[in-house]
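Structure record follows, encoded as structure tokens.
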Amino acid sequence: MVLYFVGLGLADEKDITVRGLEAVRKCSRVYLEAYTSILLVPKEQLEAFYGRNIIVADRDMVETAADDILADADHQDVAFLVVGDPFGATTHTDLQLRAHALGIHTKVIHNASIMNAVGCCGLQLYRFGEAVSIVFFTDDWRPDSFYDRILANRQQGLHTLCLLDIKVKEPSLESLARGKPVFQPPRYMTVNLACEQLLEIEERRQQHAYGPDTLCVGLSRVGADSQQMQAGPMQDLVHAELGNPLHSLVIVGRMHPIEEEMLASLTSKILPNAVAS
Numbered sequence: 004m005v006l007y008f009v010g011l012g013l014a015d016e017k018d019i020t021v022r023g024l025e026a027v028r029k030c031s032r033v034y035l036e037a038y039t040s041i042l043l044v045p046k047e048q049l050e051a052f053y054g055r056n057i058i059v060a061d062r063d064m065v066e067t068a069a070d071d072i073l074a075d076a077d078h079q080d081v082a083f084l085v086v087g088d089p090f091g092a093t094t095h096t097d098l099q100l101r102a103h104a105l106g107i108h109t110k111v112i113h114n115a116s117i118m119n120a121v122g123c124c125g126l127q128l129y130r131f132g133e134a135v136s137i138v139f140f141t142d143d144w145r146p147d148s149f150y151d152r153i154l155a156n157r158q159q160g161l162h163t164l165c166l167l168d169i170k171v172k173e174p175s176l177e178s179l180a181r182g183k184p185v186f187q188p189p190r191y192m193t194v195n196l197a198c199e200q201l202l203e204i205e206e207r208r209q210q211h212a213y214g215p216d217t218l219c220v221g222l223s224r225v226g227a228d229s230q231q232m233q234a235g236p237m238q239d240l241v242h243a244e245l246g247n248p249l250h251s252l253v254i255v256g257r258m259h260p261i262e263e264e265m266l267a268s269l270t271s272k273i274l275p276n277a278v279a280s
């Protein structure tokens, strides 16, 4: 018997691969990881297409109750569905290691993720450096540990993919302090907010990793029919209109002439006064 890690792709129920769909349809239990990313369709739409009931696995289940997912996986097929590619988050690697420790056979079925689909904006994948994650600021926590990685990428002329924070089924700090978790509404970081936070960090750090006029590309709903892209100075993308989630941001490094031409032809609009690395 097998624990399948199945990538779902980026947009809707039809992005699953044929191999992935075949695996899901023969599984006794099907879990959907629902906190590192989201599809653009509801769970019920997946269930109708896959022909299986789906158990939503939130962060708490995956990180603290993994035994429930692994239960009987040595006697029956179980699927763990992940938006994008199965190993876009370290939590999924941990789940596979736990399975191996229990003697459970695992199989990975890959799919597209934002890490490779970002090439849709015309920038060449091999010219990207290390990706970074941008998280929501709070009143007393304004993290900038990723800044040094952006700086290193920029010094080498490389593009930086910024993965933007999502908050799904997250308890408020006040409710945790009372010992009775109350979950906040889902939140999805926009390109606008990411650029605003990045500019605040640059103002504080003053190491010139980027600036208000640095060329960036904002992307939304990559892989969907409603996909949008817009390129321009970081300060202008603070006001970009890219619609519903999910959003991603690219800080552009040095561009090959072909990249310049592709970016200009594919993005809905290139705002003036942007400066590449």
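The sequence shown runs 4 to 280 under the numbering used here.
Backbone N, C-alpha and C fix where the C-beta goes; we use that ideal spot for every residue, glycine too.
As the structure is a computational prediction, the values presented were derived from the model and not from experiment.
Figure out for me which residue from the options has the closest Cα to the Cα of residue i.
i	options	result
G256	Q238, K46, A92 and R130	R130
K172	S251, P184, V194 and Q99	P184
V138	C124, I117, G106 and T193	T193
V5	F83, D15, D70 and S116	F83
G125	Q238, G221 and W144	G221
L1	D80, N56, V86 and D168	Since the first and last residues shown for the chain are 4 and 280, residue 1 lies out of range.
S136	F8, C30, V111 and C198	C198
S148	Q48, L35, D61 and I204	I204
V81	G182, L35 and A243	L35
D15	D75, R28 and Y53	Y53
D168	E263, A26, F140 and N156	F140
I117	L128, D142, T109 and D239	L128
A92	A37, E262, V121 and A212	A37
Grouping DSSP H, G and I as helix and E and B as strand, with all else coil, what is residue i?
i	result
M237	helix
H95	helix
T270	coil
Y191	strand
In terms of residue numbering, what span does the beta strand (DSSP E) encompassing residue i cover?
i	result
I112	H108 to I112
T163	T163 to L167
I137	V135 to I137
Shorter than 8 Å from the beta carbon of residue i to some beta carbon of chain D?
i	result
Q159	Absent from the structure is chain D; it holds one protein chain and no more.
Please report the straight-line C-alpha distance between residue i and residue j, rounded to a whole angstrom.
i	j	result
D216	M258	16 Å
I112	A267	34 Å
M265	V253	15 Å
D71	M64	8 Å
A234	A243	9 Å
Would you give the residue range spanned by the alpha helix (DSSP H) that residue i belongs to?
i	result
R208	V194 to R208
V255	Run containing V255: none; DSSP gives neither H nor E here.
Y150	Y150 to Q158
Unbroken stretches of the beta strand (DSSP E), 3 residues or longer, contained in the stretch 26 to 97
Along the stretch 26 to 97, the beta strand (DSSP E) occurs as fully enclosed runs of 3 or more residues at 32 to 36, 58 to 60 and 81 to 85, listed in sequence order.
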